[in-house]
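Numbering (our numbering), first residue to last: 18 to 224.
Report on the structure given below.
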Amino acid sequence: MDSTRNSGEMAINMPESRSTKAKAAATTAAPTKATHHPQAGWKRGVAIFDFIIRLCGIAAALAATAIMGTTDQTLPFFTQFFQFQASYDDLPAFTFFVIANAIASGYLVLSLPFSIVGIVRPHVVGTRLLLLIFDTVMVALTTAAAAAAAAIVYLAHNGNSNTNWLAICQQFNDFCQRISGAVVASFIAAVIFMFLVVLSAVALRRN
Numbered sequence: 018m019d020s021t022r023n024s025g026e027m028a029i030n031m032p033e034s035r036s037t038k039a040k041a042a043a044t045t046a047a048p049t050k051a052t053h054h055p056q057a058g059w060k061r062g063v064a065i066f067d068f069i070i071r072l073c074g075i076a077a078a079l080a081a082t083a084i085m086g087t088t089d090q091t092l093p094f095f096t097q098f099f100q101f102q103a104s105y106d107d108l109p110a111f112t113f114f115v116i117a118n119a120i121a122s123g124y125l126v127l128s129l130p131f132s133i134v135g136i137v138r139p140h141v142v143g144t145r146l147l148l149l150i151f152d153t154v155m156v157a158l159t160t161a162a163a164a165a166a167a168a169i170v171y172l173a174h175n176g177n178s179n180t181n182w183l184a185i186c187q188q189f190n191d192f193c194q195r196i197s198g199a200v201v202a203s204f205i206a207a208v209i210f211m212f213l214v215v216l217s218a219v220a221l222r223r224n
């Protein structure tokens, strides 16, 4: 009788221990899935959007650099020895503009692998913080370059009678159109950098 009771008790207790272990594993695994997966998906979506915005920034910064760097116009006159020429490197502000936008476009190209890391591993904070720091520096650089060039473009279009600055855009029409387009592209790049800073700050704030 005792052996029968002992064998019965063992047959009943074994399934109960397995079921309790399964329930404990289910209860511990369920909150993990509920808390981590939605946040990881949100961060991965932000990283993908960050990558796309960086591609747009590369296009804007490269366009500003290429347009300004190839701007040159020569006015035809009676002889080839007496000509008026306007080039971007005649003004230090335009030279600084080309260098700053070239640096910004190069940085954006180099930042693409770090942005891809954010897509693959959305919980990594180090790369996002690094991009935030350098994006902030690029905001200052591109804004300064665009503002300096915009001041020269304004004088080229309107002049300044108080300082005897003549408006040259009536003669150098193509030159003024190209530098105006380059300044617009640089301001677009600056706005894109501002948006990247805000995007990185929001992503870090949600950690």
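Note that CB positions come from ideal geometry on N, CA and C, so glycine has one too.
Cut-off 7 angstroms between Cβ atoms - residues of its own chain near residue i, not counting five sequence neighbours on either side
i	result
F192	T88, Q90, A103
T144	F131, V134, G135
L158	A117, I120, A121
V126	I75
F113	A162, A165
A167	V200
Exposure of residue i, with buried meaning 16 or more beta-carbon neighbours within 10 Å
i	result
S178	exposed
P109	exposed
T82	buried
A206	buried
L146	exposed
S217	buried
Anticipated Cβ contact below 8 angstroms, residue i with residue j, distance rounded
i	j	result
A163	F204	5 angstroms
L72	V142	With 8 angstroms as the limit, L72 and V142 do not qualify as a contact, their Cβ atoms being about 23 angstroms apart.
V156	F68	V156 to F68, Cβ: 19 angstroms. No contact.
Nonlocal neighbours in the same chain, by C-beta distance under 8 angstroms from residue i, ignoring five residues either side
i	result
V215	none
Query raised in the report: Are three or more beta carbon pairs between the region 183-200 and the region 75-91 nearer than 8 angstroms?
Result: As far as the Cβ criterion goes, the region 183-200 touches the region 75-91, which means the pair count is three or higher.
Query raised in the report: Taking one C-beta from the region 167-175 and one from the region 136-156 each time, how about it: are there three or more such pairs within less than 8 angstroms?
Result: no
**Report entry** Length-filtered (4 minimum) alpha helix (DSSP H) runs lying within the region 76-155
**Finding:** 109-137
Query raised in the report: Would you call the region 66-81 and the region 184-193 in contact, with 3 or more CB pairs under 8 angstroms?
Result: no
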